[in-house]
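Engineer:
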Amino acid sequence: MCGGEDEASIEDELHLLHRIGFLDDSAPWAARRIEKTGSPSGVYNTYQIPFRSSVRVTAQLPPGTKPNPRFLYILRGTLNLPIRFGSIELPYSARLTLSRLESYTESSLGEFDLCDLSRSGILYQVTIAASSPKLTFLEACLRAYVDGNSDPLVLSSGLEDYFLGTYYLNRGLYYTETAGLTHLDETEGACEFSAHRFHDDDAGSRPNWRRGNRPRRPTHPTSGPTSGKLVRSGEPETNISHCQEGTMPVAAIRSPHNPIITPESDPSILGNINGPSLIKVPDWIENPLGRYYLYFAHHQGKFIRLAYADEVTGPYTVYTRGVLPMDETDFERHIASPDVLIDDEVRVIRMFYHGAGFTGLKHENLNQNTCYAESSDGLSFVCDRICLGPSYMRVWNWNGTWYGFGGGGGREIWHTDNYRKPFARGPILEIDNESYIPKERIHESKKDPDDLTYRMRHAAVDVDASSVTIYYSNVGDHPERIKRARVQMSEDLTAWKADAFEEVLRTETDYEGVNEPNEPSTGGADHEPVHQLRDPYIYNEADQKYLVYSIAGEKGLGIAELT
Numbered sequence: 004m005c006g007g008e009d010e011a012s013i014e015d016e017l018h019l020l021h022r023i024g025f026l027d028d029s030a031p032w033a034a035r036r037i038e039k040t041g042s043p044s045g046v047y048n049t050y051q052i053p054f055r056s057s058v059r060v061t062a063q064l065p066p067g068t069k070p071n072p073r074f075l076y077i078l079r080g081t082l083n084l085p086i087r088f089g090s091i092e093l094p095y096s097a098r099l100t101l102s103r104l105e106s107y108t109e110s111s112l113g114e115f116d117l118c119d120l121s122r123s124g125i126l127y128q129v130t131i132a133a134s135s136p137k138l139t140f141l142e143a144c145l146r147a148y149v150d151g152n153s154d155p156l157v158l159s160s161g162l163e164d165y166f167l168g169t170y171y172l173n174r175g176l177y178y179t180e181t182a183g184l185t186h187l188d189e190t191e192g193a194c195e196f197s198a199h200r201f202h203d204d205d206a207g208s209r210p211n212w213r214r215g216n217r218p219r220r221p222t223h224p225t226s227g228p229t230s231g232k233l234v235r236s237g238e239p240e241t242n243i244s245h246c247q248e249g250t251m252p253v254a255a256i257r258s259p260h261n262p263i264i265t266p267e268s269d270p271s272i273l274g275n276i277n278g279p280s281l282i283k284v285p286d287w288i289e290n291p292l293g294r295y296y297l298y299f300a301h302h303q304g305k306f307i308r309l310a311y312a313d314e315v316t317g318p319y320t321v322y323t324r325g326v327l328p329m330d331e332t333d334f335e336r337h338i339a340s341p342d343v344l345i346d347d348e349v350r351v352i353r354m355f356y357h358g359a360g361f362t363g364l365k366h367e368n369l370n371q372n373t374c375y376a377e378s379s380d381g382l383s384f385v386c387d388r389i390c391l392g393p394s395y396m397r398v399w400n401w402n403g404t405w406y407g408f409g410g411g412g413g414r415e416i417w418h419t420d421n422y423r424k425p426f427a428r429g430p431i432l433e434i435d436n437e438s439y440i441p442k443e444r445i446h447e448s449k450k451d452p453d454d455l456t457y458r459m460r461h462a463a464v465d466v467d468a469s470s471v472t473i474y475y476s477n478v479g480d481h482p483e484r485i486k487r488a489r490v491q492m493s494e495d496l497t498a499w500k501a502d503a504f505e506e507v508l509r510t511e512t513d514y515e516g517v518n519e520p521n522e523p524s525t526g527g528a529d530h531e532p533v534h535q536l537r538d539p540y541i542y543n544e545a546d547q548k549y550l551v552y553s554i555a556g557e558k559g560l561g562i563a564e565l566t
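Be aware that the sequence shown starts at 4, since it is given in this note's numbering, and climbs by one per residue.
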């Protein structure tokens with residue numbers, strides 16, 4: 004298990020994990036990655052297994068094993084080095100996971116999935132151990148359905164061809180850097196076969212599925228997204244023991260309409276764009292501008308911006324006049340960062356927003372702060388004149404209590420029983436592997452920066468029945484990118500702690516700033532494009548999850564579906 008995981012990424016029988024299909028004394032055969040070190044015992048494995056903050060290895064003896072056998076397992080590694088898969092450098096969030104098909108029996112001419120995956124990733128290794136009365140199962144065809152295509156990529160016209168071909172098979176057990184045959188028993192009535200193959204340097208036929216292209220299930224009933232297929236000929240049933248693969252945890256499907264908002268979308272929004280909040284317009288609003296309202300801001304804005312669309316991924320049209328002008332609030336310098344919620348019970352659109360230059364009473368030691376406004380149509384808002392808490396607060400209700408989290412340098416959890424009354428300051432949210440940052444390591448453009456313990460920028464929240472997932476970016480990250488970390492909620496706020504973060508999205512396209520210098524980010528507004536993604540917002544609809552985010556620093560908005 005890697006740090007932050009609830010379940011082990013890799014759980015397997017030790018011999019098969021090291022490609023020993025039938026307990027041969029000479030196995031495993033390999034020219035790299037795995038080899039023997041002793042006789043008869045001793046196996047080494049040079050896999051590079053990515054992890055974040057910790058790794059835990061648990062070993063359990065199988066039933067019937069003699070008591071107290073000697074057993075030694077050594078795990079070695081290093082920190083902060085990139086992992087490459089052939090010519091591809093894996094993202095920090097990548098994990099090696101295992102798919103297994105064990106104790107499975109297939110009849111003649113059957114077709115089945117070795118693995119079926121809907122997340123982005125790369126196939127790393129396949130191991131198959133099979134037995135049958137005859138070796139006719141070696142005529143099986145292996146196929147891959149990549150990115151949901153209904154037409155397969157044919158990997159081999161026979162099972163032995165997938166593991167390099169009959170030339171090697173006819174010469175008995177073999178091993179190369181790409182594949183190896185580790186066991187072959189041609190005894191009539193009890194035939195056995197075990198082989199493995201790596202795909203990391205196999206660019207010609209490597210089955211990989213790309214982040215940004217969600218697989219679609221093909222139309223014919225036996226195929227699935229991103230799956231390997233064995234189609235067999237012959238009479239006997241075949242027992243398949245094992246297969247392996249590798250995946251990445253988060254797939255982001257960018258909208259074809261990206262960027263959905265830019266300075267060129269409308270002259271009224273000017274050149275700085277950030278702080279998105281997306282809702283589906285409720286049915287009780289008559290004659291809406293569109294099915295979706297996207298609220299956003301300018302870093303020094305004089306009103307809250309709005310765009311609308313009939314599809315969640317766009318295209319979006321800017322509502323030029325905007326909503327909530329600053330002169331209808333108690334702020335004198337700017338307003339920004341809308342956080343918009345729907346209350347269907349009382350038919351109200353609620354907006355929490357922050358500003359600078361508040362003229363009323365406010366919390367001690369708060370420079371900028373959050374206030375509340377509401378609307379019956381999502382366009383015209385009426386403001387309260389009460390300071391609720393710190394700037395950039397995202398607000399949610401759990402078990403009758405309202406919580407607010409704004410990220411920032413304090414990373415504090417605020418709370419109240421009444422969302423229209425001042426929130427109380429709560430404890431700092433700890434995030435595993437996002438610890439205290441000394442000031443001398445903070446890259447700040449401000450001459451007199453805030454007294455910051457942490458340097459989270461702006462956050463978003465995704466709430467379920469018992470947990471909240473915080474999406475955020477950090478000032479000083481290189482590059483600044485979207486991360487997320489899950490918090491198990493409880494009545495005791497001091498017990499709230501986030502698991503180790505995982506990366507969600509980083510700059511990959513021109514409109515996101517990929518051609519700008521990749522360097523540590525700085526605090527405050529950016530009025531020129533930079534190599535950064537910021538200001539996440541999470542929108543859920545049915546079983547689909549969407550991320551809205553600021554691109555190239557603060558030069559527009561993009562949207563992506565997360566799978």
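For every residue, glycine included, the Cβ atom is placed at its ideal position computed from N, Cα and C.
Does the distance from the CB of T276 to the CB of E557 come in under 8 angstroms?
Structural biologist: Here residue 276 turns out to be Ile, not Thr, going by the sequence shown. Yes, the Cβ-Cβ distance between I276 and E557 is below 8 angstroms.
Engineer: How should E62 be labelled, buried or exposed, when 16 other C-beta atoms within 10 angstroms of its C-beta is the threshold for buried?
Structural biologist: Correcting the residue identity first, residue 62 is Ala in this sequence and not Glu. By the 10 Å Cβ count, A62 comes out exposed.
Engineer: When you compare only the Cα positions, how much space is there between I23 and I52?
Structural biologist: The straight-line gap from Cα to Cα measures roughly 20 angstroms.
Engineer: When DSSP labels each residue in this structure, what does I272 get in the three-state scheme?
Structural biologist: Correct three-state label for I272: helix.
Engineer: When the Cβ atoms of the region 419-426 are set against those of the region 467-477, are three or more pairs found closer than 8 angstroms?
Structural biologist: Because the criterion of three Cβ pairs below 8 angstroms is not met, the region 419-426 and the region 467-477 do not touch.
Engineer: Go through its chain and collect everything with a Cβ distance to L176's Cβ below 7 angstroms, but skip five positions before and after it.
Structural biologist: Counting only Cβ-Cβ distances below 7 angstroms, and skipping sequence neighbours, we find W32, L184, T185 and L187.
Engineer: Using a threshold of 8 angstroms, state whether the C-beta atoms of G278 and F306 are closer than that.
Structural biologist: No, they are not a contact pair.
Engineer: Do the region 357-375 and the region 388-407 meet, that is, are 3 or more Cβ pairs less than 8 angstroms apart?
Structural biologist: Yes: at least three Cβ pairs fall under 8 angstroms.
Engineer: Taking its Cβ as the centre, do 16 or more other Cβ atoms sit within 10 Å of I272, making it buried, or is it exposed?
Structural biologist: When all chains shown are included, I272 counts as buried.
Engineer: How many Å lie between V326 and V315 at the Cα?
Structural biologist: When rounded, the distance between both Cα atoms is 20 angstroms.
Engineer: Beta-carbon separation of P262 and G516 under 8 angstroms?
Structural biologist: It is not a contact, given that the beta carbons lie outside the stated cut-off.
Engineer: Which two residues bound the contiguous alpha helix (DSSP H) that contains L162?
Structural biologist: Its alpha helix (DSSP H) spans residues L162 to Y165.
Engineer: Below 8 angstroms on the Cβ atoms is my guess for I485 versus L508; work out the distance and round it to an integer in Å.
Structural biologist: Their Cβ separation, rounded to whole angstroms, is 4 angstroms, which keeps I485 and L508 in contact under 8 angstroms.
Engineer: Check the DSSP bridge columns for Y171 and list the partner residues they point to.
Structural biologist: Answer by DSSP bridge pairing: none, since Y171 is not bridged.
Engineer: What is the DSSP secondary structure of T49, counted as helix, strand or coil?
Structural biologist: The answer is coil: DSSP assigns T49 none of H, G, I, E or B.
Engineer: Sort out for me which residues DSSP pairs W287 with in a bridge.
Structural biologist: Partner(s): none; W287 has no beta bridge.
Engineer: Quick one: residues in its chain with C-beta nearer than 6 angstroms to the C-beta of L574, no 5 flanking neighbours on either side, listed in chain order?
Structural biologist: The first residue shown for the chain is 4 and the last is 566, placing residue 574 beyond what the model contains.
Engineer: My understanding is that L167 touches L141, with C-beta atoms under 8 angstroms, so please give their C-beta distance in whole angstroms.
Structural biologist: Between L141 and L167 the Cβ distance is about 13 angstroms, and since that is not below 8 angstroms, they are no contact.
Engineer: Taking the alpha-carbon of A462 as reference, which of A488, D330 and D203 has the nearest alpha-carbon?
Structural biologist: Checked all of A488, D330 and D203; the closest Cα to A462 is A488.
Engineer: Just curious, the beta strand (DSSP E) that W417 is in, first and last residue?
Structural biologist: Looking at the DSSP string, the run of the beta strand (DSSP E) that includes W417 is E415 to T419.
Engineer: Measuring alpha carbon to alpha carbon, tell me which residue in I431, C390, E544 and V385 is nearest D465.
Structural biologist: Comparing Cα positions, the closest option is E544.
Engineer: Do D380 and I288 have their C-beta atoms within less than 8 angstroms of each other?
Structural biologist: Against a cut-off of 8 angstroms, the Cβ pair of I288 and D380 comes out as a contact.
Engineer: Measure from the alpha carbon of M459 to the alpha carbon of each residue in N48, L536, V253 and D204, then state which is nearest.
Structural biologist: Closest option to M459, Cα to Cα, is L536.
Engineer: Taking G526 as the reference, give the member of S110, Y296 and D538 with the closest Cα.
Structural biologist: Comparing Cα positions, the closest option is D538.
Engineer: Tell me the DSSP secondary structure of D188 in three-state form.
Structural biologist: D188 falls in the strand class under three-state DSSP.
Engineer: Taking the alpha-carbon of F88 as reference, which of H202, Y107, S135 and Y76 has the nearest alpha-carbon?
Structural biologist: It is H202.
Engineer: Starting from H357, follow the beta strand (DSSP E) in both directions and report where the run begins and ends.
Structural biologist: Counting along the chain, the beta strand (DSSP E) containing H357 begins and ends at V351 to F361.
Engineer: Among the residues of its own chain, which have a CB less than 7 angstroms from the CB of F504, if the five just before and after it don't count?
Structural biologist: Counting only Cβ-Cβ distances below 7 angstroms, and skipping sequence neighbours, we find I434, N436, E437, K486, R487 and A488.
Engineer: Grouping DSSP H, G and I as helix and E and B as strand, with all else coil, what is V478?
Structural biologist: The answer is coil: DSSP assigns V478 none of H, G, I, E or B.
Engineer: On a CA-only basis, which of R36, N518, Q547 and I431 is nearest I256? Give me that one, please.
Structural biologist: Answer by Cα proximity: Q547.
Engineer: Need the endpoints of the beta strand (DSSP E) that W399 sits in, please.
Structural biologist: Segment R397 to W401, the beta strand (DSSP E) holding W399.
Engineer: Which partner residues does F196 have in the DSSP bridge list?
Structural biologist: Bridge partners of F196: A133 and L187.
Engineer: From V349 to N368, what does the alpha carbon distance come to, in whole angstroms?
Structural biologist: Going from the Cα of V349 to the Cα of N368 covers about 35 angstroms.
Engineer: Could you check the C-alpha separation between A182 and I91 for me, to the nearest Å?
Structural biologist: For A182 and I91, the distance between alpha carbons rounds to 21 angstroms.
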